[in-house]
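Chains as they are written, first to last, in this note's numbering: chain A, 25 to 788; chain B, 25 to 788. All C-beta atoms, glycine included, are put in the ideal place defined by N, C-alpha and C.
2 protein chains.
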Amino acid sequence: MASVLPLLYVAWADGFLTPAEIAAARDRLAGEAWMTDADRQQVAAWLDPDSPPDATTYFGWVRTIRRAARHVPDLAEKSLADLGVDLAALVGAGDGAGLAPEAARALREVEDMLGVVGPEVLRDLVEDRPEAEPVGIPRPAFDVAAVQALLDGRYAETKDRVRDLLSDPFFAYPEPSISNEAYRDVVLSWTQKLADEGLGAVAYPTWAGGDGDIAKFIAVFEILATHDLSLVVKYGVQFGLWGGSVNALGSDDQRRELLPQIGSLEMPGAFAMTERGHGSNVRDLNTTATYDRDAEEWVIRTPSDHDHKEWIGNAAAHGQMATVFAQLEIDGEGYGVHAFVVPIRDASGEPMPGVRIDDSGHKMGLNGVDNGQLWFDDVRVPRTALLSRYAEVSAEGTYESPIPSAGKRFFTMLGTLVGGRIAVGTAANSAAKAGLTVAVRYGDRRRQFGPAGGPEVAILDYLSHQRRLLPLVATSYGLTFALARLAEDFAALEMGGDTREIEGRAAALKSMASWHATRTLQEAREACGGEGFRWSARIAHRKADSDIFTTFEGDNTVLQLQVAKGLLAGYRQEFSDLNAWGLVRYLREQAAVRIGEINPLTRRNTDRDHLLDPAWHRDLFERRERMLLVQVAARLKGRLDAGVDSFEAFVEVQDHLLTLASANAERLVLEAFQDAVEAVEDGQIKTLLGLVCALYALEHLEQDRGWFLEQNLIDAPVSKAIRTEVNRLLHRLRPVAVELVDAFGIPDEVLGSEIGSGRLPLDP
Amino acid sequence: MASVLPLLYVAWADGFLTPAEIAAARDRLAGEAWMTDADRQQVAAWLDPDSPPDATTYFGWVRTIRRAARHVPDLAEKSLADLGVDLAALVGAGDGAGLAPEAARALREVEDMLGVVGPEVLRDLVEDRPEAEPVGIPRPAFDVAAVQALLDGRYAETKDRVRDLLSDPFFAYPEPSISNEAYRDVVLSWTQKLADEGLGAVAYPTWAGGDGDIAKFIAVFEILATHDLSLVVKYGVQFGLWGGSVNALGSDDQRRELLPQIGSLEMPGAFAMTERGHGSNVRDLNTTATYDRDAEEWVIRTPSDHDHKEWIGNAAAHGQMATVFAQLEIDGEGYGVHAFVVPIRDASGEPMPGVRIDDSGHKMGLNGVDNGQLWFDDVRVPRTALLSRYAEVSAEGTYESPIPSAGKRFFTMLGTLVGGRIAVGTAANSAAKAGLTVAVRYGDRRRQFGPAGGPEVAILDYLSHQRRLLPLVATSYGLTFALARLAEDFAALEMGGDTREIEGRAAALKSMASWHATRTLQEAREACGGEGFRWSARIAHRKADSDIFTTFEGDNTVLQLQVAKGLLAGYRQEFSDLNAWGLVRYLREQAAVRIGEINPLTRRNTDRDHLLDPAWHRDLFERRERMLLVQVAARLKGRLDAGVDSFEAFVEVQDHLLTLASANAERLVLEAFQDAVEAVEDGQIKTLLGLVCALYALEHLEQDRGWFLEQNLIDAPVSKAIRTEVNRLLHRLRPVAVELVDAFGIPDEVLGSEIGSGRLPLDP
């Protein structure tokens, strides 16, 4: 009987066999002459699909197999029939010479008939799942510090200084139960500390306590954004928007008067542009600033109750001054939107006469920032309150500006503020990196399920988990390089230089980075399961706070439409202008561009060397962008030639415009990433970063393979080969996944995540 | 001179012309004999790219054009040259006979050279943007009540009753600043109200105060989930998990004793399955229940500090009892995981002896639910505490069960609890519908930008905005039908019937619905811009609360892997078992399935009738699922034949398994949606719902067009035509978008969203 036990076990184990299969096994064994009649009857009874053995009997078999298995060598290689033979030999010493050859053959036939993988069944049954090795998994050599140095770039020293500062207990996160009022005060005290450390003024001239280096300001921003995002927004409002508007739009006198007090936070201020009814379309905002010639004053007015300034950071609690954007009017004539410095609170914190302030209320996140609403009821400020770099009004009310058109003037002013948009993109990527640091470390520690008889497996060893996280790590690497390049190019512009191309890149990368952050923090939360839902994992906090990054400093969709229009015009138009009629005349030339066919051999080439070739990746990314540009120009032109209004024509092709803008951003990132890899000197690091870059490229090609197939740029076998190659890259990068996020360089104190700490032991 | 003004204006307007183009215009006009020398010199000076006119001069032109334009008929049709001619005639009465023909010709040539769309330039310049019509946009006939009745289905009456109940001020949302403790008490009081109204027991037998109708329970759940999600989770924990486990796993005596007290909330309880180290892999959990024969008691033990029960709803504050899942052991032998009823608190709220309770802490959302941690230090409960529908132990310690294998027994028990998973999927869809109701109504009201000279346009009139929201509306419709069908099929099962196919559908649809909710609430937040970030929009609240729906009641990725394995086995295996070796023998038969080629004509057919043909949609969805199944079976078989361990083989094809599971869910939704459309009698509604269903089908085909192209199921022109057809459907459905979400039937009080109210006037 012992020989049949493994088959009896498998017949009833875990619903493995269907009733019909159990009956077939019974029928097959019913005719076996090597069993005694009694045994045959017993086996037939135990294999009756309508009458399962009782639990005690079944468990008896399990116990017998388990005990006997201790004496069976090489158990993990055995079939059920093999084991049956061994069991018969062990148990059946009294039966004589063990099992007849025909019996062994019969058992094997039944096993085959049932399609069983015997060894795995036995391993699962016999071996208790061992505990996983607690530590010491061998990892490839990986110089985390060297990779971090590459990511940190030229501002490594500044970044380390900010990391050290934020690691101080002074910057410890408050409890989640903190009230909004108390949270705002904490954030204000943090911001004051940064100002005291000289980090507020870095973008301002040296005479204002700064370094005159906007790229360094963005580097500070980058590291701050690995910590509490209310802090980074408060810092950005005070030093970037309020101070930045004075620095970029003010006359030298105005800058000398205000910037030192702004950089030190003696004069907290706000940036009052957005209105309730005008968020994206700020050119049409409704607040007015009317010149009163007799008093030599501006009269600031909110024309109706719902035209108030909205979401203004620093307005609800702490701000004393504000840059207010309003339609400048003299003698009933409008000159477009201008910026005015307007006191909103006195030193005691009371609103100034005529200024009404309300709180924007509880938000999804960023509740440490005091966003507020402002109404101006004929508030009077002196003539010199107009920030007068781009426009001046004489005492007599004569308007003067080097830029005649109101629209062009406004968009030129906006262009000078593009640093804020680069900073927000950079901050979004920092938030994504923090989420990835938590999720990758957790995935490396958390074990669940495993092979038959083996220990449970780290969830990051699952392809599904690698697919969810590692391509996002690669994208964060690429965005780091692309955003750093952008910040440095912006900083290198002459004061007053042409910002249009920079604005285009900033809009493209801000959109990509902020959507990347939203998606990545979502994946990180899910990848950590219930643990990711816990506040102490500090993923939720970052998700809620950064959610608005896709909206503020320019709604991503609006920005993408601007990017696409900028590309159509070759950045020869003011960047932020969405007027369609200004673009029409570029369509002809764009639509006429001819793009060479791709080599048919390239289209079909599935060699691995080819699939990993950076030049091929670059060609596809560039080609996609050019082709989308040409196609959308042709579609627009066709509509306009048919007499469609240009506004309507642009609406009808919005899906194409958005696709073009995404392709542009992805190409910018690929270029910066490839150039960064190219510049690495250390061979091992170059190889490794090259793989990360290839993962970025191939995973994005895989995502958009529908388009590449449609356009006949790749053939179906290449498309499938790309997916396989992505899986291979994930497999190669898995062993260094933790090191890849360690190189983001986020100290444990700043990460603030219980499950994401770099110092934790393995998951129990 | 007047004739040249429109050209001068456009030369300097908004950076429209480049310096080179301005110079070209100057040079072209320099040779015109119809101008006086003085005029030529003046024009040349004004068109000097290095020396723009001053702002006052420029504004003088603008004023002149605007004033003169009042006297020009059909201005909106004029070119700049036409207007120049008119201006010359108006202003130049003193000059004689107006403008010479050669002058008009020259102006036209310059205009052409610059590529200007004259009429739009002029409309933009001359016409002040009018206010949008406040109300009264004509909409197609749409019987909201009739469509809502279709969505509500057979439980419409129950749903209306719950809607009315939730609209009562008693269910008003608390302030966001509420403490977790107070929030939990509010949610408890709400839950008590539901119990008092008889809504707790609906799934229980009539003798327990119920209707014995699990589908009705899910219908209640559906409407509750349009309100606060802490409430729905609390309700689900008490009546679905705690009560549901007693109902499904208890003996008749146990059910008669406990269910009446559970349904009335006299006996609040918990469902203690998940452990810190075992979330997905619950079969391997570590809590033990050892039989003490002498005392006739079970001894419940948490073996180590990190093996505690985690995330247990109702545990931290309110629960008095718990269904505790533990490894049953008798005499050192293990019989697998079983469920025991264990008191955790006494009537005064103190933990029972040996029970340690801690709070799971602050969470991303659902802070109105008291999730807790439980440790059992040799807690003793009587022998009869074992829920004994599937297993009993006699006083002497003899174990008896109708299902011999421990694994099969456990998965059979799990199968009876599948109602919870259907309820969670349904609740996720409700949360998505609430987000869509807010976002679609807001998009219909909020205006931003617009055509030259026209009013600002509702953002939902933009294709980009339609693309972001309306396909999600279509998916919510489809999920409603598919989930209702699933709930009714489950309710129709005999007690003890085979749940495996239902479990497969539940897992597929729970994953799809919860990811749909996560994505939809994200889109809704972004689509409402800053307003969506405001707490009072009540999108953030729903997003944070529902985020965990992708994780609890089965992690979506794990569920999808189970779905794929269920499909590979044709649901002949226990559903939740992820043991790979049990599946191997089905691979041969799956891999051998032959799927007919698609007709080449069909593959290329871009006719609109064809693109909208439901039969074609169904064929593609079904074909995709079958092909993915056959392909993944073949890939697995190849690996196993090559000697790869089955666990590893399954890991290597996880990406395919997940794709298969998604394809399965999408097909289930399409089928239910199409069948629902088919069943509609009213012709107008049938047509309309047919369009929504086509949008669901085509947008999903578009998303996955890479796969369909790779497999040669569609040709590139069809792929492109699908995108065009999606745009057309969006255009057709836009006018009824608000009615489509109105038909979700969420009362304003329940929606609780300031910007999403159905009663609001248009956006100011």
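Is the beta carbon of residue i sitting closer than 8 Å to the one on residue j?
i	j	result
B:N338	B:A272	no
A:A626	A:A745	Looking at the sequence provided, one finds Thr at residue 626 of chain A rather than Ala. No, Cβ-Cβ distance for A:T626 and A:A745 is not below 8 Å.
B:H386	A:W559	yes
A:A92	A:L123	no
A:I324	A:F400	yes
A:W36	B:S429	yes
B:E353	B:A313	yes
A:G606	B:F40	yes
B:A249	B:A463	no
B:L390	B:L496	no
B:I368	B:A340	no
A:P76	B:I427	yes
B:I483	B:G467	yes
A:A105	A:A79	no
A:W266	A:T298	no
Find the residues of chain B that neighbour residue i, judging by a C-beta separation of less than 8 Å, and give them in chain order.
i	result
A:E357	F83 and R87
Can you find the residues in the same chain that come closer than 8 Å, C-beta to C-beta, to residue i, ignoring five residues on each side of it along the sequence?
i	result
A:V701	P638, K710, L713, G714 and C717
B:G502	V693, L694, A696, F697, C717 and Y720
A:R206	Correcting the residue identity first, residue 206 of chain A is Ala in this sequence and not Arg. Closer than 8 Å at Cβ, skipping near neighbours: P198.
Output needed for residue i: all residues of its chain with C-beta closer than 6 Å, excluding positions within five of it in sequence on either side, in chain order.
i	result
A:S781	D772
B:A531	L583, Q586 and V587
A:L282	V270
B:K432	E598
B:A225	A232, G233, G234 and G287
Run through chain B and tell me which residues come within less than 9 Å of residue i, C-beta to C-beta.
i	result
A:Q614	Under the 9 Å cutoff, chain B gives no residues; its nearest Cβ is about 12 Å from A:Q614.
Leaving out five residues on either side along the sequence, give the residues of the same chain with a beta carbon under 7 Å from the beta carbon of residue i.
i	result
B:A243	Y179, T182 and K183
A:D513	I526
B:G160	Because B:G160 carries a pLDDT of 46, less than 50, the predicted location of this residue cannot be relied on, and the following value inherits that uncertainty. If we look at B:G160 and ignore the five residues flanking it on each side, it has no Cβ neighbours.
A:Q614	L592, L653, V654 and A657
A:D308	H302
How would you write the range of the beta strand (DSSP E) that residue i sits in, first residue to last?
i	result
A:M345	M345 to I354
B:A341	B:A341 -> no beta strand (DSSP E), and no H or E assigned at all.
A:E613	It is not in any beta strand (DSSP E) - A:E613 instead sits in the alpha helix (DSSP H) that spans V608 to A615.
A:H362	E357 to P367
B:A296	G293 to A296
B:R325	E321 to R325
Where does the unbroken alpha helix (DSSP H) through residue i begin, and where does it stop?
i	result
B:A745	A740 to L757
B:T80	A79 to A93
B:D74	It is not in any alpha helix (DSSP H) - B:D74 carries neither H nor E in the DSSP assignment.
Give the interface partners of residue i over in chain A, defined as CB-CB distance under 9 Å, in chain order.
i	result
B:I779	Neighbours of B:I779 on chain A: none; closest Cβ ~11 Å, over 9 Å.
B:M388	R549, G556, F557, R558, W559, A561, I563, A564, H565, K567 and A568
Which chain B residues sit within Cβ distance under 7 Å of residue i?
i	result
A:Y423	A79 and T80
Using a cut-off of 7 Å between C-beta atoms, extract the partners of residue i located in chain A.
i	result
B:T581	S488
Would you call the region 650-665 of chain B in contact with the region 674-681 of chain B, where contact means no fewer than 3 C-beta pairs closer than 8 Å? Contact holds between the region 650-665 of chain B and the region 674-681 of chain B, because three or more Cβ pairs, one in each stretch, are under 8 Å apart.
Quick test of the definition: if touching needs 3 or more C-beta pairs under 8 Å, does the region 545-558 of chain B touch the region 218-237 of chain B? no
Is the region 71-83 of chain B touching the region 43-50 of chain B in the sense that three or more CB pairs, one from each, lie closer than 8 Å? yes
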